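Residue numbers (this note's numbering): 29 to 165. Beta carbons: idealized from backbone N, C-alpha and C, even for Gly. All values derive from a computational prediction rather than experimental measurement.
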């Protein structure tokens, strides 16, 4: 259930976000921010995938800008990882192999950090923690 859920939300939200980024940058960013807490809704609350995306959309609405700022660090880490691929020649040279390994590591670190930010957003926006919700206000 955990892996299937993670895969389904990643696939659905990822494809929609990439489509939004390809068509225009702004829709992709909006989807990324508004669906950031979907994993928490599915895993902690037991919502179905589409329900989790909807609940995330409703919960993150009033806190768009602070969540966007929190997601900048994972995005920068991922962009640095992509840059490592851009400069790689994909040869068997040890420097090229190191570049690909570093790029892969940075992409995975950015993904993990993005998920952690999403879980924090879920925790701070949906739980009855009035003191903690002020972080996003």
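For residue j and residue i, the rounded distance between their alpha carbons
i: residue 114; j: residue 132; result: 12 Å
i: residue 123; j: residue 110; result: 16 Å
i: residue 64; j: residue 43; result: 14 Å
i: residue 149; j: residue 95; result: 7 Å
i: residue 144; j: residue 50; result: 25 Å
i: residue 32; j: residue 86; result: 23 Å
i: residue 55; j: residue 36; result: 21 Å
i: residue 52; j: residue 91; result: 22 Å
i: residue 80; j: residue 153; result: 14 Å
i: residue 34; j: residue 46; result: 17 Å
Minimum C-alpha distance to residue i - residue among the options
i: residue 62; options: 48, 31 and 72; result: 48
i: residue 98; options: 53, 70 and 60; result: 60
i: residue 136; options: 39, 108 and 77; result: 108
i: residue 70; options: 57, 41, 89 and 121; result: 41
i: residue 78; options: 38, 58 and 89; result: 38
i: residue 58; options: 76, 120 and 89; result: 89
Assumed close pair residue i, residue j - CB separation to whole angstroms, cut-off 8 Å
i: residue 138; j: residue 106; result: 4 Å
i: residue 84; j: residue 66; result: 4 Å
i: residue 141; j: residue 100; result: Going by Cβ atoms, the distance from residue 141 to residue 100 rounds to 11 Å, so no, they are not a contact pair.
Beta-carbon contacts of residue i that lie in its chain and below 6 Å, excluding the five residues immediately before and after
i: residue 93; result: none
i: residue 146; result: 64, 65 and 67
i: residue 134; result: 105, 108 and 109
i: residue 120; result: none
i: residue 175; result: The chain is shown from 29 up to 165; residue 175 falls before or after that span and cannot be answered.
First through last residue of the alpha helix (DSSP H) which encompasses residue i
i: residue 111; result: 92-114
i: residue 89; result: No alpha helix (DSSP H) holds residue 89; DSSP gives it neither H nor E.
i: residue 73; result: 66-73
i: residue 141; result: 122-154
i: residue 59; result: 53-62
Neighbourhood of residue i by C-beta distance below 8 Å, restricted to the same chain and skipping five residues each side
i: residue 72; result: 150
i: residue 116; result: 124, 127, 128 and 131
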